[in-house]
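Since the structure comes first, as structure tokens, the remarks are kept for the end.
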Amino acid sequence: MTEPASNMPAKSFGIRLTNKLMPMPFDKSYSYRIEPELMFGISKNFMIHGNLYASNMFTQKFMFEGGAVYGKYRFLSVDNLHSHFRMAASGKVSIIKNPAFITHTKLHYINNQVHEETYKIYSDEIEPDGNNSGFNTGITATQLLHKLAISGTVTYNNRWKNISSPTAPGISNHMMGYSLSAGYLLLPRTYKNYKQTNLNLYTEFLAGSSLDKKGNFIDIAPGIQFIFNSISRVDIAYRTQLTGSMSRFNTSSWMLRYEYYFLNALSKKSNER
Numbered sequence: 000m001t002e003p004a005s006n007m008p009a010k011s012f013g014i015r016l017t018n019k020l021m022p023m024p025f026d027k028s029y030s031y032r033i034e035p036e037l038m039f040g041i042s043k044n045f046m047i048h049g050n051l052y053a054s055n056m057f058t059q060k061f062m063f064e065g066g067a068v069y070g071k072y073r074f075l076s077v078d079n080l081h082s083h084f085r086m087a088a089s090g091k092v093s094i095i096k097n098p099a100f101i102t103h104t105k106l107h108y109i110n111n112q113v114h115e116e117t118y119k120i121y122s123d124e125i126e127p128d129g130n131n132s133g134f135n136t137g138i139t140a141t142q143l144l145h146k147l148a149i150s151g152t153v154t155y156n157n158r159w160k161n162i163s164s165p166t167a168p169g170i171s172n173h174m175m176g177y178s179l180s181a182g183y184l185l186l187p188r189t190y191k192n193y194k195q196t197n198l199n200l201y202t203e204f205l206a207g208s209s210l211d212k213k214g215n216f217i218d219i220a221p222g223i224q225f226i227f228n229s230i231s232r233v234d235i236a237y238r239t240q241l242t243g244s245m246s247r248f249n250t251s252s253w254m255l256r257y258e259y260y261f262l263n264a265l266s267k268k269s270n271e272r
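Taking numbering that gives the first Met the number 0, the leading residue of the sequence shown gets 0, the next gets one more, and so forth.
Below, the structure written as structure tokens:
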């Protein structure tokens, strides 16, 4: 779900497509969001991503929602024979045009007549991936121990006013985010070459805590990851809330992600060819 401290290969270009299916608890429907993403490995320490978002979460029709720019700088690397430690600083800016709330219409039958009642549903959770304009910044540390990778992230999230949407009254505008993940390389048992398919199992805990009002949550996200030929990857994960008191649009989601890297695509030698 979140990025580790390690970077993509330098002078490389990547594409990523993330699909999310989200149950909406207030009307038993499902929302779908697609997130195409371009990734650039500027150097071994610095990478930039550009995201676009589209979904039917806030309207009945599938619509374009906005975009984001993400950057990460790795400032510490400690390498050993079968282990390494990385630390990185990251930041993300999102510009989103969704409403600040979801409108839900509930039907009541009174004396054999249909009556409509409209509700506005707000969320204190700050979600820069399609829901909210704003920025976040954070620090990530990743430790690799042979086949086990452990990663932790702390972020500060700030909500901005969405484009063409009035400011929502009384919702949280400042939130801390936390994540802790562990992944284990299940296959191959023994490395022979980089073309072998990798199978990784991982679990991530994600948490958020409002800074300007009461509210928090803790989620768990188990997943499975396949890496093919060292240049393409498929992730399948399910995220659900374990506990929480924060108002949120949804508390669970399925994710399917595919990414592919074009190694050395940005190098001068590659361009000369």
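Beta carbons: idealized from backbone N, C-alpha and C, even for Gly. Remember, it's a predicted structure, so these values are computed and weren't measured experimentally.
A Cβ-Cβ contact shorter than 8 Å links T17 with E34. For S76, the closest of Q142, K19 and Y190 by C-alpha to C-alpha distance is Q142. Just so you know, the alpha carbons of S42 and A9 end up roughly 4 Å apart. Beta-bridge partners assigned by DSSP to D78: H83. Secondary structure note for P221: its beta strand (DSSP E) is the uninterrupted segment N215 to F227. For N156, the uninterrupted beta strand (DSSP E) segment begins and ends at L147 to R158. For K267, the secondary structure class from DSSP, reduced to helix, strand or coil, is helix. Here the stretch 79-88 lies against the stretch 131-140, with 3 or more beta-carbon pairs under 8 Å apart. Contact annotation: A236 and M0 have beta-carbon atoms nearer than 8 Å. For S209, the closest C-alpha among the options N197, G169, L179 and N199 is that of G169. Beta-bridge analysis with DSSP links Q240 to D218. G49 and H114 have their C-alpha atoms spaced approximately 45 Å apart. Burial check for I162: the Cβ neighbour count within 10 Å stays below 16, so the residue is exposed.
If you draw a straight line from the Cα of L106 to the Cα of R188, it comes to about 57 Å.
Under the DSSP definition of a beta bridge, F134 partners with V92 and N157. Contact annotation: S93 and A67 have beta-carbon atoms nearer than 8 Å.
Counting only residues of its own chain and dropping the five nearest sequence neighbours on each side, Y52 has a CB closer than 6 Å to the CB of E34, E64, G65 and G129. Within the same chain, S93, I94, I95, W159 and N161 come within 6 Å of S132 by CB-CB distance, once the 5 residues on both sides are set aside. Judged by their CB atoms, I120 and I149 are not nearer to each other than the 8 Å cut-off.
Bounds of the beta strand (DSSP E) holding N18 are F12 to M23. In this structure, the CA atom of N44 is about 14 Å from the CA atom of M38. Between the beta-carbon of S82 and that of F248 there is about 40 Å, and that puts the pair past the 8 Å contact cut.
Distance check between S231 and each of S5, N6, R15 and A4 places R15 closest, using alpha-carbon atoms only.
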